[in-house]
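Engineer: Before I ask anything, let me first share the structure, which is written out below as structure tokens.
Number of protein chains: 2
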Amino acid sequence: MEHHMARMYTIGEASELLGMPASTIRFYEKNGLIPNMQRTGSGIRLFDDEDLEWMRFVEHFKASGMPIKEIRTFIELYQQGDSTIEERRRIINNRRDAVERQIAELELARDFIKYKCWFYDVAAEAGTCDVPREMPPEKMPEEMRRIKERCGISSF
Amino acid sequence: MEHHMARMYTIGEASELLGMPASTIRFYEKNGLIPNMQRTGSGIRLFDDEDLEWMRFVEHFKASGMPIKEIRTFIELYQQGDSTIEERRRIINNRRDAVERQIAELELARDFIKYKCWFYDVAAEAGTCDVPREMPPEKMPEEMRRIKERCGISSF
DNA sequence: ATACGACTTAAACCATGGTTTAAGTCAAGA
DNA sequence: TCTTGACTTAAACCATGGTTTAAGTCGTAT
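Chains as they are written, first to last, in the working numbering: chain P, 1 to 156; chain U, 1 to 156.
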């Protein structure tokens with residue numbers, strides 16, 4: 001059975017593996033997003049596989065729109081152990097709600113944009129915006145009628 | 001038949017009607033998001049209903065994550081008339097793709113967060129994170145197993 | 001007449017999330 | 001030994017999207 005030596009990585013290697021500039025990694029560490037970072041005697045950061053896993057984990061939080069301060073708070077609570085479970089749970093539940101609001105808002109915006117896509121497809125075909133602009137609802141595709149109604153799209 | 005006088009609004013009234021600080025409205029105008037703004041002789045902005053409609057329209061673009069510069073570009077093209085239809089169509093199609101990527105990314109993040117919600121529900125119940133952390137996949141809810149697999153969630 | 005509140009401007013300020021720069025240290029190879 | 005490249009730091013810089021401030025102008029009500 002092969003024994004994987006616990007390799008350590010410099011910031012350049014970590015940057016490569018994570019697909020993220022080294023400056024960003026330094027910025028994250030400075031802001032408390034990478035706890036317990038090891039260093040060589042001369043001060044060079046050493047990342048192990050666990051650090052890389054940790055950073056991928058942080059990336060998930062970032063993808064959810066969580067601000068850096070809140071991620072740091074969460075990490076600090078995590079380091080304090082099981083006594084902070086309830087507080088971490090609140091943070092995560094709030095984040096879930098925030099993400100769901102964001103998604104709902106983006107879905108509305110997507111519909112608006114889809115209407116505009118249709119509008120410009122028709123306009124490009126006709127050579128003028130007057131054609132889609134003045135099209136009576138009953139000649140529009142069902143979906144566009146629905147969106148126009150819901151988003152209160154005016155004549156622009 | 002009642003004849004609606006074409007009322008004009010001050011920035012304070014527009015702010016109230018749009019639910020947006022007056023400073024933001026000034027900022028938008030300065031950045032070319034509100035074309036052809038009327039003024040009184042003494043320089044006070046006058047908004048008509050069409051301006052308000054226009055601003056609601058701009059809000060839809062903003063909700064889609066479109067940067068202010070790109071909205072301004074779009075508006076400038078709009079003002080040039082039908083000769084810019086193709087260019088506007090490209091902008092809108094790019095925006096649709098961008099919004100769809102954003103939604104997909106957020107949906108992934110939402111799944112990660114949902115997993116964490118479940119994790120902390122179990123941890124809170126048990127009083128320790130060890131319970132969800134060491135739970136074998138076959139004891140997890142089907143959805144959580146799937147998410148953990150897909151998001152490559154480690155032991156944190 | 002004058003005080004008040006709402007408006008005007010340019011410019012400074014702020015928060016977020018990084019990126020870039022300048023100056024220096026270190027280890028390894030020629 | 002000397003050069004080279006990768007690393008270090010603090011601090012400055014940048015972009016985005018506004019908000020706040022300071023100083024001043026209007027129109028109206030008392």
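Ideal Cβ positions, reconstructed from N, Cα and C, are used throughout, including at glycine.
Only counting the same chain, and skipping five residues up and downstream in sequence, which positions put a Cβ closer than 7 Å to that of I25(U)?
Structural biologist: Cβ neighbours of I25(U) beyond the five flanking positions: I11, A14, S15.
Engineer: Please list, in chain order, all residues of the same chain as L77(P) whose beta carbon is under 8 Å from its beta carbon, the five residues on each side excluded.
Structural biologist: Cβ neighbours of L77(P) beyond the five flanking positions: T84, E87, R88, I91.
Engineer: Is the distance from the Cβ of R96(U) to the Cβ of I113(P) below 7 Å?
Structural biologist: In contact: R96(U) and I113(P) (Cβ atoms closer than 7 Å).
Engineer: Between V122(P) and the rest of its own chain, which residues show a CB-CB distance below 8 Å, the 5 nearest in sequence each way excluded?
Structural biologist: Contacts found: V131, P132, M135.
Engineer: Does A104(P) pass the burial test, meaning 16 or more other C-beta atoms within 10 Å, or should it be called exposed?
Structural biologist: So A104(P) counts as exposed.
Engineer: Look up F47(U) in the DSSP assignment and say whether it is helix, strand or coil.
Structural biologist: Residue state, collapsed to three classes: strand.
Engineer: Between the alpha carbons of V58(P) and C151(P), how many angstroms are there, rounded?
Structural biologist: C-alpha separation (whole angstroms): 36 Å.
Engineer: For the segment 124-146 of chain U, list every residue whose C-beta sits within 7 Å of some C-beta in chain P, in sequence order.
Structural biologist: Going along the segment 124-146 of chain U in chain order, one finds A124, G127, T128, C129 with a Cβ nearer than 7 Å to chain P.
Engineer: Should A6(U) be labelled buried (16 or more other beta-carbon atoms within 10 Å of its own) or exposed?
Structural biologist: Its Cβ having fewer than 16 others within 10 Å, A6(U) is exposed.
Engineer: Just the C-alpha distance for E138(P) and W118(P), rounded to the nearest angstrom, thanks.
Structural biologist: Answer to the nearest angstrom: the Cα atoms are 15 Å apart.
Engineer: Enumerate in chain order the residues of its own chain whose CB-to-CB distance from D157(P) is below 6 Å, with the five nearest sequence positions on each side excluded.
Structural biologist: Nothing about residue 157(P) can be reported from this structure: the residues present for chain P run from 1 to 156 only.
Engineer: Over what stretch of residues does the alpha helix (DSSP H) that includes T24(U) continue unbroken?
Structural biologist: Start and end: 22-30.
Engineer: Using the Cα positions of S155(P) and K116(P), report the straight-line distance between them to the nearest angstrom.
Structural biologist: Taking the straight line from one Cα to the other gives about 11 Å.
Engineer: Would S23(P) count as contacting chain U if we go by Cβ distances under 7 Å?
Structural biologist: No, S23(P) lies away from the interface with chain U (no Cβ there is under 7 Å from its Cβ).
Engineer: Quick one: residues in its chain with C-beta nearer than 7 Å to the C-beta of I75(P), no 5 flanking neighbours on either side, listed in chain order?
Structural biologist: If we look at I75(P) and ignore the five residues flanking it on each side, its Cβ neighbours are G32, L33, P35.
Engineer: Whose C-alpha, out of D82(P), M140(P), D49(P), E149(P), is nearest the C-alpha of E125(U)?
Structural biologist: Cα-wise, what sits closest to E125(U) is D82(P).
Engineer: Mind checking if A109(U) is an interface residue toward chain P, Cβ cutoff 7 Å exclusive?
Structural biologist: It does: the Cβ of A109(U) has a partner Cβ on chain P nearer than 7 Å.
Engineer: Please classify E38(P): does DSSP put it in a helix, a strand, or coil?
Structural biologist: The sequence shown places Gln at residue 38(P), rather than the Glu named in the question. Note: Q38(P) maps to strand in three-state DSSP.
Engineer: Would you say Y9(U) reaches chain P, if we count a Cβ-Cβ gap shorter than 7 Å as a contact?
Structural biologist: Not an interface residue.
Engineer: Go through its chain and collect everything with a Cβ distance to L17(P)'s Cβ below 8 Å, but skip five positions before and after it.
Structural biologist: Y9, L52.
Engineer: Give the interface partners of I34(P) over in chain U, defined as CB-CB distance under 7 Å, in chain order.
Structural biologist: None at all; the shortest Cβ gap to chain U is about 12 Å.
Engineer: At which residue ranges does the segment 89-130 of chain U contain complete beta strand (DSSP E) runs of 3 or more residues, listed in the order of the chain?
Structural biologist: You should have found no qualifying run.
Engineer: Taking only beta-carbon positions, decide if Y28(P) is within less than 7 Å of chain U.
Structural biologist: No, because no Cβ of chain U sits closer than 7 Å to the Cβ of Y28(P).
Engineer: State the start and end residues of the unbroken alpha helix (DSSP H) segment that holds R146(P).
Structural biologist: From DSSP, the alpha helix (DSSP H) with R146(P) extends over 142-151.
Engineer: Which partner residues of Y205(U) appear in the DSSP bridge assignment?
Structural biologist: Outside the shown range of chain U (1 to 156) lies residue 205(U), about which nothing can therefore be said.
Engineer: Is the Cβ-Cβ distance between I29(P) and M37(P) less than 7 Å?
Structural biologist: The question names Ile, but residue 29(P) is Glu in the sequence shown. Contact: yes.
Engineer: From L46(U) to E142(U), what distance separates their C-alpha atoms?
Structural biologist: Straight-line Cα distance between these residues: approximately 59 Å.
Engineer: If you draw a straight line from the alpha carbon of V99(P) to that of F61(P), how long is it in whole angstroms?
Structural biologist: Computed Cα separation, rounded: 11 Å.
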